[in-house]
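Notes for the one structure printed next.
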Amino acid sequence: MNENNDRKFFCNIINETQKKQFFEDFYVDVNGYVISSEAKKEFETDSKSLTYGEVTYEGLKEVLDIIQPKENSVFYDLGSGTGKALLVSALAGPFAKINGVELLPKLYDASLNVKDYFLNFLNEKYQDAFHPTIEIKNQNIEDSVFSDADVVLINSTCFDSDLIDIISQKAEGLKKGSHFISFTKSLNSDQFEIIHQEYHKMGWGSPTVYVHKKIA
Numbered sequence: 002m003n004e005n006n007d008r009k010f011f012c013n014i015i016n017e018t019q020k021k022q023f024f025e026d027f028y029v030d031v032n033g034y035v036i037s038s039e040a041k042k043e044f045e046t047d048s049k050s051l052t053y054g055e056v057t058y059e060g061l062k063e064v065l066d067i068i069q070p071k072e073n074s075v076f077y078d079l080g081s082g083t084g085k086a087l088l089v090s091a092l093a094g095p096f097a098k099i100n101g102v103e104l105l106p107k108l109y110d111a112s113l114n115v116k117d118y119f120l121n122f123l124n125e126k127y128q129d130a131f132h133p134t135i136e137i138k139n140q141n142i143e144d145s146v147f148s149d150a151d152v153v154l155i156n157s158t159c160f161d162s163d164l165i166d167i168i169s170q171k172a173e174g175l176k177k178g179s180h181f182i183s184f185t186k187s188l189n190s191d192q193f194e195i196i197h198q199e200y201h202k203m204g205w206g207s208p209t210v211y212v213h214k215k216i217a
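For what it's worth, the working numbering labels the leading residue of the sequence shown as 2, then goes sequentially.
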């Protein structure tokens, strides 16, 4: 018996058209690029590693379809912004737990608002379906712990080599068989093999998406 007491996963009872529409509706009044610009000014930083970029529903779903996460899996987005990747994972995958880590307070606050809106919507319209718990932390990626993850995502396009090395070392704490998704830059670890390397359309362009699988 599944941990969800055999209730159907929310992602399995709505069609793709509904999923895309829900995703658009939840973000109709949320402009992550404007929020990010304001957040970096308030945070007094111009770090390139904090350059903002958003996933698209279609782009990230294509990648999750390659991984085919198992029921009750755990998902992390390191640098979760306004929470778009968290919402895609809730709509597209049978995850039991979804976790975000975001350093900038304004982006973090925006993601909490979307999370609350989404969960209230589910509790009102789909109360009989199983949907994941969603937790978002206002935290530096370097301080994050994600060793319980089955799938991890980082938008690493603008990350410097030192941050990639730190994340790669942390990723080695994942269990064998876990998947790690990165954009533009791959992990620096021989404990992973790259099982997919291809362009996927995201909000700012079409970065090379690397899907790593932990083999050791």
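Ideal Cβ positions, reconstructed from N, Cα and C, are used throughout, including at glycine.
Please read these numbers as outputs of a predicted model, since none were measured by experiment.
If you draw a straight line from the C-alpha of residue i to the C-alpha of residue j, how long is it?
{"i": "Leu120", "j": "Tyr211", "result": "30 Å"}
{"i": "Phe131", "j": "Ala97", "result": "9 Å"}
{"i": "Phe27", "j": "Met203", "result": "18 Å"}
{"i": "Ile15", "j": "Ser112", "result": "23 Å"}
{"i": "Leu175", "j": "Phe181", "result": "9 Å"}
{"i": "Lys71", "j": "Ile167", "result": "27 Å"}
{"i": "Tyr109", "j": "Lys138", "result": "8 Å"}
{"i": "Ala91", "j": "Ile99", "result": "7 Å"}
{"i": "Ile135", "j": "Val102", "result": "11 Å"}
{"i": "Leu164", "j": "Ser187", "result": "12 Å"}
{"i": "Gln170", "j": "Ser190", "result": "7 Å"}
{"i": "Gly82", "j": "Glu17", "result": "24 Å"}
{"i": "Ser157", "j": "Tyr58", "result": "18 Å"}
Secondary structure at residue i, three-state DSSP: helix, strand or coil?
{"i": "Lys202", "result": "coil"}
{"i": "Ile137", "result": "strand"}
{"i": "Val28", "result": "As written in the sequence, residue 28 is Tyr, which differs from the Val given in the question. Here Tyr28 sits in coil by DSSP."}
{"i": "Lys20", "result": "helix"}
{"i": "Asn5", "result": "A caution first: Asn5 carries a pLDDT of 49, below 50, which makes its placement in the model unreliable, though a value can still be read off. Note: Asn5 maps to coil in three-state DSSP."}
{"i": "Ile218", "result": "The question about residue 218 has no answer, for the chain in this structure spans 2 to 217."}
{"i": "Asp78", "result": "strand"}
{"i": "Val210", "result": "strand"}
Classify residue i: buried if its beta carbon has 16 or more other beta carbons within 10 angstroms, exposed otherwise.
{"i": "Gly206", "result": "exposed"}
{"i": "Lys107", "result": "buried"}
{"i": "Gly178", "result": "exposed"}
{"i": "Asp78", "result": "buried"}
{"i": "Val75", "result": "buried"}
{"i": "Ala55", "result": "At residue 55 the sequence reads Glu, which differs from the Ala that was named. Per the 10 Å Cβ criterion, buried."}
I'd like the list of long-range same chain contacts for residue i, defined as Cβ closer than 8 Å, with 5 residues on each side in sequence excluded.
{"i": "Glu209", "result": "Per the sequence shown, the amino acid found at residue 209 is Thr instead of Glu. Excluding positions up to five away in sequence, the list reads Phe184, Thr185, Gln198, Glu199 and Tyr200."}
{"i": "Arg218", "result": "As shown, the chain starts at 2 and ends at 217. That puts residue 218 outside it, with no answer to give."}
Terminal residues of the continuous beta strand (DSSP E) containing residue i?
{"i": "Lys98", "result": "Phe96 to Glu103"}
{"i": "Leu1", "result": "There is simply no residue 1 to check, as the chain begins at 2 and stops at 217 in what is shown."}
{"i": "Asp110", "result": "Asp110 -> not in any beta strand (DSSP E); alpha helix (DSSP H) instead, spanning Pro106 to Lys126."}
{"i": "Ser183", "result": "His180 to Phe184"}
Which residue comes first and which comes last in the alpha helix (DSSP H) that contains residue i?
{"i": "Leu88", "result": "Lys85 to Ala93"}
Sorted by chain position, which residues of the same chain lie with C-beta nearer than 6 Å to residue i's C-beta, five sequence neighbours on each side aside?
{"i": "Gly60", "result": "His201, Lys202 and Met203"}
{"i": "Ile216", "result": "Glu194"}
{"i": "Asn5", "result": "Here the model assigns Asn5 a pLDDT of 49, short of 50, so the residue's position is not dependable, and the following value carries that caveat. The answer, listed in chain order, is Phe131."}
{"i": "Ile196", "result": "Val212 and Lys214"}
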